[in-house]
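Below is one structure, written out as structure tokens; the observations come after it.
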Amino acid sequence: MTTAEREEYRQNLLALGKRLGGDISGITNEVLRQSGGEASGSLSNAPLHIADLGTDTFEQEMSAGLLENDVQIMEQIHAALERLNQGTYGLCQECRQEIPAERLRVLPYTPYCVECARKLQAQKQEGQGPPRL
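Numbered as in the numbering used here, the sequence shown ends at 133 without a single skipped number.
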């Protein structure tokens with residue numbers, strides 16, 4: 001991998017991290033917002049209707065799931081930047097073969113080639129795999 005290619009990947013990872021940082025901030029606010037009551041304009045803190053409470057709960061759970069996913073991706077971005085600094089970026093952490101450029105363009109923070117990612121995902125589904133891909 002050339003120096004120019006490494007710098008391009010670095011810039012892409014930093015831009016993705018910056019965008020995710022904004023998303024994380026917005027989703028965090030959504031997760032922490034109050035349900036019903038004053039949040040919906042009522043003077044009471046009780047939801048107006050049980051269906052409203054259910055909708056609020058569903059939306060907060062959905063936002064919490066999105067937040068968790070974004071945080072995991074942010075951690076993977078930081079790990080990819082560290083691999084760039086160490087000179088191991090673009091090498092599969094499982095088989096040590098070069099990860100194809102097409103895969104890195106689509107998923108710049110990936111630590112695995114497609115074949116190893118599939119193998120590790122299958123192991124994870126069997127309950128014996130390593131951390132999330």
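Note that CB positions come from ideal geometry on N, CA and C, so glycine has one too. Only a predicted model underlies this, so the values are computations on that prediction, with no experimental measurement involved.
Return the CA-CA distance between C113 and N12, expressed in angstroms with no decimal places. Those two C-alpha atoms are separated by around 19 Å.
Per DSSP, L91 forms a beta bridge with which residues? Bridge pairing for L91: E98 [DSSP].
Inter-residue CB distance, E94 and L120 (contact presumed, cutoff 8 Å): Going by Cβ atoms, the distance from E94 to L120 rounds to 7 Å, so yes, they are a contact pair.
Return yes when the Cβ of P108 is within less than 8 Å of the Cβ of A80, no when it is not. A80 is a Cβ neighbour of P108, given a cutoff of 8 Å.
Once DSSP output is grouped into helix, strand and coil, what is the label at M62? In this structure, M62 counts as helix in the three-state DSSP scheme.
Along the alpha helix (DSSP H) that carries C116, what are the first and last residues, could you check? Counted as a single uninterrupted DSSP element, the alpha helix (DSSP H) harbouring C116 occupies residues 114-125.
Where does M1 sit, in a helix, a strand or coil, going by DSSP? It is coil, neither helix nor strand.
For T57, name the three-state secondary structure that DSSP assigns. In the structure shown, T57 adopts helical secondary structure according to DSSP, grouped into three states.
Which value, in whole angstroms, describes the spacing of the CA atoms of M1 and R83? Roughly 13 Å separates the two Cα atoms.
L107, DSSP secondary structure in three states: Under the three-state reduction of DSSP output, L107 falls in the coil class, being neither helix nor strand.
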